[in-house]
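K.L.:
Dropping a structure here in structure tokens format, bear with me for questions.
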Amino acid sequence: MKKLSYWMLLILSLFSASATNARDKKQNSTSTEQTTGAQDRALWVKCLWKISYPVIHNLAEGTLHKNMPVEASPTYELEPEKMTYLEALGRTLAGVAPWLALPDDNTEEGKLRKQMREEVLKGLKNAVDPNSPDKINFGDYPQPIVDAAYLVHAFLRAPNALWEPLDQVTKDRYITSLKSLRDRTGAYNNWLLFTGLTEAFLLQQGAQSDPFRTMIAKNKVKEWYVGDGWYCDGPKFSMDNYNSYVMHPMMVAMLETLLPSHKASQAEYEEALKRMVRHAEFCERIIGPDGTYPAFGRSVTYRTAAFQSLADAALREKLPSFIAPAQVRCALTAVHRNMYEGDQNFDKDGWLVLGFNGHQPECADVYTSTGSLYMATLSFLPLGLPADNSFWTDKAADWTTKKAWKGETLRKDYKVTY
């Protein structure tokens, strides 16, 4: 009897513990669901600062080369010290730029933003100053073609905050550095957009540009469109996240930049934009009810850059009518919370580590080093929407998979023909 009572008590205690855990999880879930847009925004700012500040602050201080660790994939094929710093600069700023483009204000967020913008401008000057210890390489290997384009994308996303304030000497140094990339080529795939976007920027700035590079980029990427919001990454399709990392956002940005010079038509731009918006639907749908998402394809170490198409569509306020801005905010908040609230993706000094969710260098590609990882900032583009935008002020809303797994009304998904 005593033995039986012991086991009964044990079973009852387990049930009690399970009930308590379930209740706690439910309460935590409810708490997450009930966060306000202001609370979500504060989390986004905290995470973006956590990721980007080590790069930005050290470049401003002339200590990026000194302090940034350089870890490379076990199968790395290049010289990481010649690649990784431009990667860190271009990729970080491409995601931070829209936030820095907002006007100054006296809020705590506004003070942080002003501080970061001032340090970015110092860092941009150091990056092309021949006497700076942080002078960045544009001249060796094809890889700088990639990361110069991310830097250009930052200038295009925040011209008044990041490009116009630069002194003329610094601007001229960037123009010269971008032109220097023409003496080499890269892969015959998404790389065409890197050259195309850079040349479009040069044209915009009144510098001598190469129209053949923009024409090839525009025409080949259009040929590589396979339908329903997906491009091939080159002649053959790859099931990975390069449609979000590169294809859609850079195609749209390139065509948008070419519009004033009539090197692209309004119809071409609108078509590319519609295709990106369709791809954004897929990005929203792959976010699980708990804010996790599948790690498939190459370059998973770019982490939340997988959601650039969605983030870009939200920033442009071009989400489909059936996707509420608040559901995108809540979905990406759940993703950011999973990835960046803890320290599993950072080393002891706050630098990103190779991996998807943790230190997992075995999953890094042959071209991946520490600087490569800062593409993660690209999921934070909606921070460029002011705090009083409906994206941030609307009541919290469930995203598609959360609705689906709760048995709620679910919109049928079907292919598009544009």
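Position 358 of the sequence shown, counting from 1, maps to 377 under my numbering, and the rest follow consecutively.
Positions of the beta carbon are idealized from the N, C-alpha and C atoms, including for glycine.
#1: Please return the same chain residues whose Cβ sits closer than 7 Å to the Cβ of N357, not counting the five positions on each side in sequence.
#2: Looking at the structure shown, is G403 part of a helix, part of a strand, or coil, going by DSSP?
#3: Tell whether a beta-carbon distance below 7 Å holds between L216 and A330.
#4: Would you mind listing the alpha helix (DSSP H) stretches within the region 80-123 that are 4+ residues and don't spill past its ends, in chain order?
#5: Y437: buried (16+ other C-beta within 10 angstroms of its C-beta) or exposed?
#6: Do you know offhand how far V188's Cα is from T420's?
#7: Mind checking whether I164 and F213 have CB atoms under 7 Å apart?
#8: Residues in its own chain within less than 6 Å of F174 by CB, not counting five upstream and five downstream?
#9: Taking Cβ to Cβ, would you say R294 is nearer than 7 Å to G248?
#10: With a 10 Å radius around its C-beta and 16 neighbouring C-beta atoms as the bar for buried, classify Y492 as buried or exposed.
#11: According to DSSP, is S388 part of a helix, a strand, or is it coil?
#12: Locate the alpha helix (DSSP H) running through Y312, then write down its first and last residues.
#13: Starting from Y12 and walking both ways along the alpha helix (DSSP H), at which residues does that stretch end?
#14: Buried or exposed for H281, going by 16 or more other Cβ atoms inside 10 Å?
#15: I'd like to check one pair, T111 with Y393: are the Cβ atoms closer than 7 Å?
#16: With 16 as the cutoff for other CB atoms within 10 Å, does Q285 come out buried or exposed?
#17: Is K237 buried or exposed, if buried means 16 or more other CB atoms sit within 10 Å of its CB?
#18: Quick check: A79 and L108, are their CB atoms within less than 7 Å of each other?
#19: In chain order, what residues of the same chain lie with their CB nearer than 6 Å to the CB of N260, ignoring the 5 residues before and after it?
#20: Determine contact between the region 404-413 and the region 361-370, defined as no fewer than three beta-carbon pairs at a distance below 8 Å.
#21: Where does Y160 sit, in a helix, a strand or coil, going by DSSP?
#22: Let's see if you can read the secondary structure: which residues bound the beta strand (DSSP E) around Y244?
#23: Would you kindly work out how many angstroms separate the C-alpha atoms of E287 and L274, rounded to a whole number?
#24: Is it the case that the region 130-148 contacts the region 71-85, given that we only count it when at least three CB pairs across the two stretches are under 8 Å?
#25: Using a Cβ-Cβ cutoff of less than 7 Å, which residues in the same chain neighbour A177 once the five nearest sequence positions on both sides are dropped?
#26: Compute the Euclidean distance between the alpha carbons of Y104 and V74, then round it to the nearest angstrom.
#27: I'd like the list of long-range same chain contacts for Y264, defined as Cβ closer than 7 Å, with 5 residues on each side in sequence excluded.
#28: With a 10 Å radius around its C-beta and 16 neighbouring C-beta atoms as the bar for buried, classify M258 as buried or exposed.
#29: Secondary structure at W249, three-state DSSP: helix, strand or coil?
#30: Rounded to a whole number of angstroms, what is the C-alpha to C-alpha distance between D159 and D148?
#31: Would you say the region 296-309 touches the region 237-246, given that touching needs at least three Cβ pairs under 8 Å?
#32: Got a sec? Which residues, its chain only, sit under 8 Å from S502 by beta carbon, not counting five neighbours each side?
#33: Would you report the Cα separation of L351 and I305, rounded to the nearest angstrom?
#34: Roughly how many angstroms separate the alpha carbons of R348 and H355, rounded to a whole number?
#35: Assuming T396 and G114 are in contact, meaning their beta carbons sit under 8 Å apart, how far apart are those beta carbons, in whole angstroms?
#36: Would you report the Cα separation of D43 and K422, rounded to the nearest angstrom?
P.N.:
Once the coordinates are examined:
#1: On the sequence shown, position 338 is the one that residue 357 refers to. Scanning its chain for C-beta atoms nearer than 7 Å, with the 5 sequence neighbours on each side dropped, one finds around N357 the residues G310, T311, in chain order.
#2: To locate residue 403, count along the sequence shown from 1; it is residue 384. If DSSP states are grouped into helix, strand and coil, G403 belongs with the helices.
#3: Translated into positions along the sequence shown, residue 216 becomes position 197. Translated into positions along the sequence shown, residue 330 becomes position 311. No, these two residues do not count as a Cβ contact at 7 Å.
#4: 83-86, 99-119
#5: Locating residue 437 in the sequence shown gives position 418, counting from the first residue. With fewer than 16 other Cβ atoms inside 10 Å of its own Cβ, Y437 counts as exposed.
#6: Here residue 188 corresponds to residue number 169 of the sequence shown, with the count starting at 1. Here residue 420 corresponds to residue number 401 of the sequence shown, with the count starting at 1. Rounded to whole angstroms, V188 to T420 spans 51 Å at the Cα level.
#7: For this step, residue 164 is matched to residue 145 along the sequence shown. For this step, residue 213 is matched to residue 194 along the sequence shown. For I164 and F213, yes; Cβs fall inside 7 Å.
#8: What you label residue 174 is simply residue 155 of the sequence shown in a count that begins at 1. Same-chain partners within the cutoff: L181, W182.
#9: On the sequence shown, residue 294 is found 275 positions in, with the first residue counted as 1. On the sequence shown, residue 248 is found 229 positions in, with the first residue counted as 1. Their beta carbons are under 7 Å apart, which means R294 touches G248 by this criterion.
#10: Residue 492 cannot be examined here, being either before or after the span of the chain that is shown, 20 to 437.
#11: Locating residue 388 in the sequence shown gives position 369, counting from the first residue. S388: strand per DSSP, three-state reduction.
#12: As a first step, residue 312 must be located in the sequence shown, where it is residue number 293. Per DSSP, Y312 belongs to no alpha helix (DSSP H) and is neither H nor E.
#13: Outside the modelled stretch of the chain, which goes from 20 to 437, sits residue 12, for which no answer is possible.
#14: Taking the sequence shown and counting its residues from 1, the one referred to as residue 281 is at position 262. Exposed is the call here.
#15: In the sequence shown, counting from the first residue as 1, residue 393 sits at position 374. In the sequence shown, counting from the first residue as 1, residue 111 sits at position 92. Closer than 7 Å, so yes.
#16: Position 266 of the sequence shown, counted from the first residue, corresponds to residue 285. Exposed, since its Cβ has fewer than 16 Cβ neighbours within 10 Å.
#17: For the purposes of this step, residue 237 is taken as residue 218 along the sequence shown, with counting starting at 1. Under this definition K237 is a buried residue.
#18: Residue numbering aside, residue 79 sits at position 60 when the sequence shown is read from its first letter. Residue numbering aside, residue 108 sits at position 89 when the sequence shown is read from its first letter. Contact flag unset, no.
#19: For the purposes of this step, residue 260 is taken as the residue at position 241 of the sequence shown. Same-chain partners within the cutoff: G316, A325.
#20: no
#21: By one-based count along the sequence shown, residue 160 stands at place 141. Reduced to three states, the DSSP call for Y160 is coil.
#22: The sequence position of residue 244 within the sequence shown is 225, counting from 1. It spans 244-246 - the beta strand (DSSP E) in which Y244 sits, taken as one unbroken run.
#23: Counting from one through the sequence shown, the residue named residue 287 turns up at place 268. Counting from one through the sequence shown, the residue named residue 274 turns up at place 255. Whole-angstrom Cα-Cα distance: 7 Å.
#24: Result yes; three or more Cβ-Cβ pairs closer than 8 Å.
#25: Mapped onto the sequence shown, residue 177 falls at position 158. Counting only Cβ-Cβ distances below 7 Å, and skipping sequence neighbours, we find A116, P117, L119, A120.
#26: Here residue 104 is taken as the residue at index 85 of the sequence shown, counted from 1. Here residue 74 is taken as the residue at index 55 of the sequence shown, counted from 1. Taking the straight line from one Cα to the other gives about 9 Å.
#27: Start at 1 with the first residue of the sequence shown, and residue 264 comes out as number 245. Correct list, in chain order: S318, Y321, A324, Q327, M394.
#28: As a working note, residue 258 is residue 239 in the sequence shown. Exposed is the call here.
#29: Looking up residue 249 in the sequence shown gives position 230. In the structure shown, W249 sits in a strand (DSSP, three-state: E or B).
#30: Taking the sequence shown and counting its residues from 1, one reaches residue 159 at position 140. Taking the sequence shown and counting its residues from 1, one reaches residue 148 at position 129. One C-alpha to the other measures close to 17 Å.
#31: Judged by Cβ distances under 8 Å, the region 296-309 makes no contact with the region 237-246, as fewer than three pairs qualify.
#32: Residue 502 falls outside the range modelled here, since the chain spans only 20 to 437, and no answer is possible.
#33: For this step, residue 351 is matched to residue 332 along the sequence shown. For this step, residue 305 is matched to residue 286 along the sequence shown. Spanning the two alpha carbons is a distance of roughly 11 Å.
#34: Within the sequence shown, the letter at position 329 stands for residue 348. Within the sequence shown, the letter at position 336 stands for residue 355. Rounded to the nearest angstrom, the two C-alpha atoms are 10 Å apart.
#35: If you number the sequence shown from 1, residue 396 lands on position 377. If you number the sequence shown from 1, residue 114 lands on position 95. At roughly 3 Å, the Cβ-Cβ gap stays under 8 Å, so T396 and G114 are in contact.
#36: Here residue 43 refers to the residue found at position 24 when the sequence shown is read from its first residue. Here residue 422 refers to the residue found at position 403 when the sequence shown is read from its first residue. With a pLDDT of only 45 at D43, under the threshold of 50, the placement of this residue in the model should not be trusted; the figure read from the coordinates follows. Their Cα atoms are separated by approximately 21 Å.
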